[in-house]
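Enquirer: Sharing a structure below in structure tokens format, with a few things to ask.
Numbering (my numbering), first residue to last: 743 to 1102.
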């Protein structure tokens, strides 16, 4: 990202290849944090539900940093064995194992001078956690089967939708590695907290569909209104799939309400929510009052989730509100994230309950 772009601050559409679209207060807040963090080389931990755009934010941090001219390299750590992870990240020499006919550089070497994104960091085994920690502490590694020590200089960005604090408490994730990667945590807001962004994202995805398929479709305002009311537990990824499905099956150049899947009884979000609720024994009535399902919330956030915090009037329950505020150190934005609400809703509920914010 050019210097002039950095000076202008967050935009509704970030022109950096990161493809981050939206104008909501929740999005602007994390965009601003990401661009501030980009000025340093501190490790970043991107947290949030599946589909909230963690990779796009990692790219934004890279392109806004002094490392922008160097490589951005990523690796999804999920479902990879310790041996495969070690080879992928550290590389190997010829003959290191069966099939290693030639030497290969690992992702750390490939990202040297740039940024390395380790997605699904919470899924790596305890055995590999120790090996990764050593590299992060010393800034050097040896390829699998090799003896030569290689110096590496990378900006590490990790991403997860897992409750790492609970994993540390359970002995599933090393505390020393947790502190090493969690220097600057950034929690990305789910789509349901990004007021007004769904129509903008839907139009962006439709424009992309048009370019890729030589079409000229558009949304009727009433169709966008329907999408704006959907919950999308899969977040941005699910919304994109919904737009692609709707556009593919559209009967005219203008997408009307009857073209939208949820108007035809085929809302996959609703099907997913019902299946999850039934599986955990709650049934449809056990869902949150606003119809959402807790997906990847932290242990603290789960305690204040909308299903227990929100009354039918929309006012946050006083006890839950006070608990969230205490946990968040009386920072309204943090309490809002714990409750799954917006800072404005927290401020409104504080006023209604006559609770005066405390300062520490």
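Every residue gets a Cβ at the ideal spot worked out from N, C-alpha and C, and that includes glycine. Being a predicted model, the structure only gives us computed values, none of them experimental.
(1) With three or more beta-carbon pairs closer than 8 Å as the criterion, would you say the segment 816–825 touches the segment 862–876?
(2) For a minimum of 4 consecutive residues, which ranges assigned as the alpha helix (DSSP H) are wholly contained in the segment 778–809?
(3) Around the Cβ of residue 935, are there at least 16 other Cβ atoms within 10 angstroms (buried) or fewer (exposed)?
(4) When you compare the CB positions of residue 928 and residue 1066, do they come within less than 8 Å of one another, or not?
(5) Is the Cβ-Cβ distance between residue 896 and residue 853 less than 8 Å?
(6) In whole angstroms, give me the CA-to-CA distance for residue 952 and residue 945.
(7) Can you list, in chain order, the residues of its chain with a C-beta nearer than 7 Å to that of residue 983? Leave out the 5 residues immediately preceding and following it.
(8) Taking just the CA atoms, how far does residue 874 sit from residue 985?
(9) Curious, which full-length beta strand (DSSP E) runs of at least 3 residues does the segment 892–962 contain?
(10) In three-state DSSP terms, what is residue 836?
(11) Measuring straight from C-alpha to C-alpha, what distance separates residue 995 and residue 960?
(12) Using the rule of at least 16 other Cβ atoms within 10 Å of the residue's Cβ for burial, across every protein chain shown, is residue 839 buried or exposed?
(13) Can you name the start and end residues of the alpha helix (DSSP H) that residue 977 belongs to?
(14) Using DSSP with H/G/I as helix, E/B as strand and the rest coil, what is residue 998?
(15) Going by beta carbon distance, what residues of the same chain come within less than 7 Å of residue 882, once the five residues before and after it are set aside?
(16) How many whole angstroms separate the CB atoms of residue 1002 and residue 981, which I take to be in contact at a CB cut-off of 8 Å?
(17) Taking all protein chains shown into account, do 16 or more other C-beta atoms lie within 10 angstroms of the C-beta of residue 826, making it buried, or fewer, making it exposed?
(18) Could you compute how far the alpha carbon of residue 998 sits from the alpha carbon of residue 830?
(19) Should residue 1099 go down as buried or exposed, given a rule of 16 or more other Cβ atoms within 10 Å for buried?
(20) Apply the 10 Å Cβ neighbour rule to residue 1083 and answer buried if 16 or more other Cβ atoms are within range, or exposed otherwise.
(21) Leaving out five residues on either side along the sequence, give the residues of the same chain with a beta carbon under 8 Å from the beta carbon of residue 1063.
(22) What separation, rounded to the nearest whole angstrom, lies between the Cα atoms of residue 950 and residue 967?
(23) Mapping the DSSP letters down to three states, classify residue 842 as helix, strand or coil.
Expert: In this structure, then:
(1) In short, these stretches touch, since the Cβ pair count reaches three.
(2) Every alpha helix (DSSP H) stretch that sits fully inside the segment 778–809 and reaches 4 residues is listed by chain position as 796–805.
(3) Its Cβ being crowded by 16 or more others within 10 Å, residue 935 is buried.
(4) Taking a C-beta distance under 8 Å as the contact criterion, residue 928 and residue 1066 do not qualify as a contact pair.
(5) Yes, they are a contact pair.
(6) Whole-angstrom Cα-Cα distance: 10 Å.
(7) Counting only Cβ-Cβ distances below 7 Å, and skipping sequence neighbours, we find nothing.
(8) Looking at the two C-alpha atoms, the distance is approximately 40 Å.
(9) Runs of the beta strand (DSSP E) inside the segment 892–962: 897–902 and 926–929.
(10) Coil.
(11) The straight-line gap from Cα to Cα measures roughly 6 Å.
(12) With fewer than 16 Cβ atoms within 10 Å of its Cβ, residue 839 is classed as exposed.
(13) According to the DSSP assignment, residue 977 belongs to the alpha helix (DSSP H) that extends over 977–991.
(14) Collapsing the DSSP output to three states places residue 998 in coil.
(15) 891, 892, 893 and 894.
(16) With a beta-carbon spacing of about 12 Å, residue 1002 and residue 981 fall beyond the 8 Å limit used to define contacts.
(17) So residue 826 ends up on the exposed side.
(18) In this structure, the CA atom of residue 998 is about 47 Å from the CA atom of residue 830.
(19) Per the 10 Å Cβ criterion, exposed.
(20) Its Cβ being crowded by 16 or more others within 10 Å, residue 1083 is buried.
(21) Within the same chain, residue 1063 has close Cβ partners 1051, 1077, 1081, 1088, 1091, 1092, 1095 and 1097.
(22) Taking the straight line joining both Cα atoms gives about 20 Å.
(23) Coil, per DSSP.
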